[in-house]
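A.B. asks: The structure is given below, and queries will be raised subsequently.
Listed below in structure tokens is the structure:
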């Protein structure tokens, strides 16, 4: 049996797992990302989570074949550089070589949503499909694409940044430098912002009871308020889904995938999110043949998709170990 390490580096957590050849996660390690901070400290904690995962899996560290990392931004797997990750406040970091030095193992890097797409295609909701878009609704919004069964990242490895598609001209400022990005409205962070704005306008809203204060608002607050028939919370959710549908329809009109897989924390709302999302997206897509519509489904693997996909990133990219400088 061969073992691989997959790392999902997010804006909030570093999550690592030991994955076997059947795409099962055998052990886990997790620490807070805690950015901004010195890159050396971050890399040391990344390496620590891999060692934690190996211990949790009950295998010797030396049994790990190689390591894959899903990163929240533009990552060049050949140069080994995290070129830009706005939510980590990082640019031009030679992260592959730094992690390789810490672990003494071959390391492949790629975009985190691309890793999630690989994971869902290998073992989750996209298994059996050849044209797949995975959208992750987390601290930011990521996107991964498999076109004709192959991971597509573009010539500069920046394809799939769905979160930085503009949806509102001169809208909310985004950490990427643009204004009105889908991420500023439909990430978990954007949803929290919208919820707080609604609470400030509506002191009578049940959202105050649910959250207690503006500092305690989460991505669930508005959805929970909607379930209690709160008018302000309901409007937040409706506007959130309407904006998300607008963005998803844009992606479908460009790529016409067989399936769009919704992942990330907000996707845990399940059909409460997906049923209206499908309905609103259907109004916006150009192709109207009811027999050939893109399916919109919930990710099956949750946060595990990024770990599983990261472990097999090199294979999905068709790269040799030599190409990674290993």
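Numbering (my numbering), first residue to last: 2 to 327. Positions of the beta carbon are idealized from the N, C-alpha and C atoms, including for glycine. Every value quoted in this text rests on a predicted model; they were computed, and no experiment measured them.
(1) If you run the structure through DSSP and keep just helix, strand and coil, what is residue 267?
(2) On a Cα-Cα basis, can you pick out the residue from 302, 80, 220 that is closest to residue 157?
(3) Please classify residue 170: is it buried, with 16 or more other beta-carbons within 10 angstroms of its beta-carbon, or exposed?
(4) With distance defined between alpha-carbon atoms, name the residue in 238, 223, 78 nearest to residue 323.
(5) Go to residue 48, then tell me how far its alpha helix (DSSP H) extends in each direction, as first and last residue.
(6) Just to check my reading of the structure: residue 135 and residue 144 have Cβ atoms closer than 8 Å, yes? What is that Cβ distance to the nearest angstrom?
(7) CB-CB under 6 Å to residue 223, same chain, minus the five flanking residues each way: which ones, in chain order?
(8) Does DSSP put residue 157 in a helix, a strand or coil?
(9) Need the endpoints of the alpha helix (DSSP H) that residue 316 sits in, please.
(10) Give the straight-line distance between the Cα atoms of residue 101 and residue 107, rounded to the nearest whole angstrom.
(11) Could you compute how far the alpha carbon of residue 303 sits from the alpha carbon of residue 20?
(12) Three or more C-beta pairs under 8 Å: does that hold for the stretch 286-301 against the stretch 259-271?
(13) Mapping the DSSP letters down to three states, classify residue 171 as helix, strand or coil.
(14) Please give me, in chain order, every unbroken run of the beta strand (DSSP E) with length at least 3 that falls completely inside the stretch 206-267.
(15) Go ahead and pull the three-state DSSP assignment for residue 71.
(16) How far does the alpha helix (DSSP H) with residue 186 in it extend, from its first residue to its last?
(17) Anyone know if the C-beta pair for residue 73 and residue 148 falls short of 9 Å?
(18) Report yes or no: do three or more beta-carbon pairs, one from the stretch 87-101 and one from the stretch 33-41, lie closer than 8 Å?
(19) Less than 9 Å separating the beta-carbons of residue 91 and residue 70?
(20) For the stretch 243-252 against the stretch 181-194, do three or more pairs of beta-carbon atoms, one drawn from each stretch, fall closer than 8 Å, so that the two count as touching?
(21) With distance defined between alpha-carbon atoms, name the residue in 112, 128, 160 nearest to residue 255.
C.D. replies: Reading it off the structure:
(1) Position 266 of the chain shown, counting from 1, holds the residue named residue 267. Residue 267: helix per DSSP, three-state reduction.
(2) Looking up residue 157 in the chain shown gives position 156. Residue 157 has its Cα closest to that of 80, out of 302, 80, 220.
(3) Residue mapping note: residue 170 aligns to position 169 of the chain shown, counting from 1. Looking at its Cβ environment, which holds fewer than 16 other Cβ atoms inside 10 Å, residue 170 is exposed.
(4) Here residue 323 corresponds to residue number 322 of the chain shown, with the count starting at 1. Closest option to residue 323, Cα to Cα, is 78.
(5) Translated into positions along the chain shown, residue 48 becomes position 47. Following the DSSP letters along the chain, one finds residue 48 inside the alpha helix (DSSP H) bounded by residues 40-58.
(6) Counting from 1 along the chain shown, the entry for residue 135 is found at position 134. Counting from 1 along the chain shown, the entry for residue 144 is found at position 143. About 7 Å separates the two Cβ atoms, so the contact holds.
(7) As a first step, residue 223 is located in the chain shown; it is residue number 222 there, counting from the start. 196, 234, 237, 238.
(8) Your numbering for residue 157 matches position 156 in the chain shown. In this structure, residue 157 counts as coil in the three-state DSSP scheme.
(9) Numbered from 1 along the chain shown, position 315 holds the residue referred to as residue 316. It spans 314-318 - the alpha helix (DSSP H) in which residue 316 sits, taken as one unbroken run.
(10) Working through the chain shown from its first residue, we reach residue 101 at position 100. Working through the chain shown from its first residue, we reach residue 107 at position 106. One C-alpha to the other measures close to 6 Å.
(11) By 1-based counting over the chain shown, the position of residue 303 is 302. By 1-based counting over the chain shown, the position of residue 20 is 19. Approximately 15 Å, taken between the alpha carbons.
(12) yes
(13) Translated into the one-based positions of the chain shown, residue 171 becomes position 170. Coil, per DSSP.
(14) 260-264
(15) Along the chain shown, read from residue 1 onward, the residue named residue 71 stands at position 70. Of the three classes helix, strand and coil, the one that applies to residue 71 here is strand, per DSSP.
(16) Counting from 1 along the chain shown, the entry for residue 186 is found at position 185. It spans 183-187 - the alpha helix (DSSP H) in which residue 186 sits, taken as one unbroken run.
(17) If you number the chain shown from 1, residue 73 lands on position 72. If you number the chain shown from 1, residue 148 lands on position 147. The answer is no: Cβ separation not under 9 Å.
(18) yes
(19) Along the chain shown, read from residue 1 onward, the residue named residue 91 stands at position 90. Along the chain shown, read from residue 1 onward, the residue named residue 70 stands at position 69. By the CB criterion at 9 Å, residue 91 and residue 70 fall outside the cutoff.
(20) yes
(21) As a position in the chain shown, residue 255 is number 254, starting the count at 1. Minimum Cα distance to residue 255 is reached at 160.
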